[in-house]
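In the numbering used here, the protein residues as written are 19 to 120.
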């Protein structure tokens with residue numbers, strides 16, 4: 019505030035109630051600086067806490083989540099089985115093509 023770059027109108031505002039505005043201004047600046055850290059802590063802390071509590075068995079999955087995990091695992095198994103069948107069929111086809119007389 020002491021520098022010449024600051025306009026006089028702003029200097030007057032801060033000099034009028036310097037004691038009160040000083041603490042409020044510092045508190046506001048600290049609040050604004052800490053905001054990203056607060057958001058990150060909330061998001062990542064919540065995710066970490068939920069995973070930890072699920073692992074320890076304190077929280078249980080809802081029926082919808084359990085059904086989704088069963089569907090996902092069943093679906094992935096079905097896809098891998100289907101993929102293996104198609105790979106085997108392709109290998110047999112390729113083998114027949116190689117052995118075919120020209």
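Glycine residues also receive a C-beta, built at the ideal position from the N, C-alpha and C atoms.
Backbone CA spacing between residue 102 and residue 57 [nearest angstrom]:
The residue labelled residue 102 in the question sits at position 84 within the chain shown. The residue labelled residue 57 in the question sits at position 39 within the chain shown. Each residue's alpha carbon lies about 46 Å from the other.
Run through DSSP, which three-state label would residue 97 get?
If you number the chain shown from 1, residue 97 lands on position 79. DSSP places residue 97 in helix when its eight states are reduced to three.
Residue 115 versus residue 105: straight-line alpha-carbon distance, rounded:
For the purposes of this step, residue 115 is taken as residue 97 along the chain shown, with counting starting at 1. For the purposes of this step, residue 105 is taken as residue 87 along the chain shown, with counting starting at 1. Computed Cα separation, rounded: 15 Å.
By DSSP, does residue 26 sit in helix, in strand, or in coil?
Counting from one through the chain shown, the residue named residue 26 turns up at place 8. DSSP places residue 26 in helix when its eight states are reduced to three.
For residue 76, which of helix, strand or coil comes out of DSSP?
Residue mapping note: residue 76 aligns to position 58 of the chain shown, counting from 1. Coil at residue 76, not helix or strand.
In whole angstroms, what separates the C-alpha of residue 70 from that of residue 26?
Within the chain shown, the letter at position 52 stands for residue 70. Within the chain shown, the letter at position 8 stands for residue 26. Looking at the two C-alpha atoms, the distance is approximately 55 Å.
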